[in-house]
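Beneath this line is the structure, given in structure tokens, with notes to follow.
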Amino acid sequence: NGATFSGITYYSLYNLAAGVGAGLDLTTGSNNVFIGCSAGGDIESGNGNTVVGAGLNGFSATMSDTLVLGAGDGAHITSAGAVTTFAKIPVVPTYTIATLPSVVPGGLIYVTDAGGGNGALCFGNESPDWIDVTTGSPP
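What follows is the structure, encoded as structure tokens:
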């Protein structure tokens, strides 16, 4: 089933909705993209939004120029203007080089030097090392 806009007027141009209830309340907003069941369902007159993910609704009726990625109440990324918000993403634990835990394949940790500075985000490789995501080498 495709999406339908319930109250759209001729003032609303260049919108795309894919998913049941996506962009459902849009009336006068333009240049919006809604992908996923109920995505952006509460936006009425906002412009320039991209909302991708099922169940992403509950936004301001006038929200504009915003990118939202995620699904329902799960982790999502919102970017409005120059501000990016990461919601419900777990905190990455911090270790010094001297206190590195055993490698967990696919795990993420933040590693600093002994003084707590010069940090790097590292992931658990299948080899016996944590790997710095920027250099590709062990910390």
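Here the sequence shown stands for residues -17 to 121, where the numbers follow this note's numbering. Every residue gets a Cβ at the ideal spot worked out from N, C-alpha and C, and that includes glycine. Model, not experiment: these values are computed from the prediction.
Taking just the CA atoms, how far does G3 sit from A43?
-> 15 Å
Three-state secondary structure (DSSP) at A126?
-> Lying outside -17 to 121, the shown extent of the chain, residue 126 is not represented and no answer is given.
Return the residue from the list G28, S20, G18 and D24 that minimises the CA-CA distance to Y(-4).
-> G28
Specify the secondary structure class of Y92 as computed by DSSP and reduced to three states.
-> strand
Identify whether C19 lies in helix, strand or coil by the three-state DSSP scheme.
-> coil
Please name the residue, chosen from N100, D24 and I79, that lies closest to W112 on a Cα-to-Cα basis.
-> I79
Terminal residues of the beta strand (DSSP E) in which G106 lies | A102 to G106
Is I113 helix, strand or coil when you go by DSSP?
-> strand
Taking only the alpha-carbon atoms, compute the straight-line gap between A21 and A102 and give it to the nearest angstrom.
-> 35 Å
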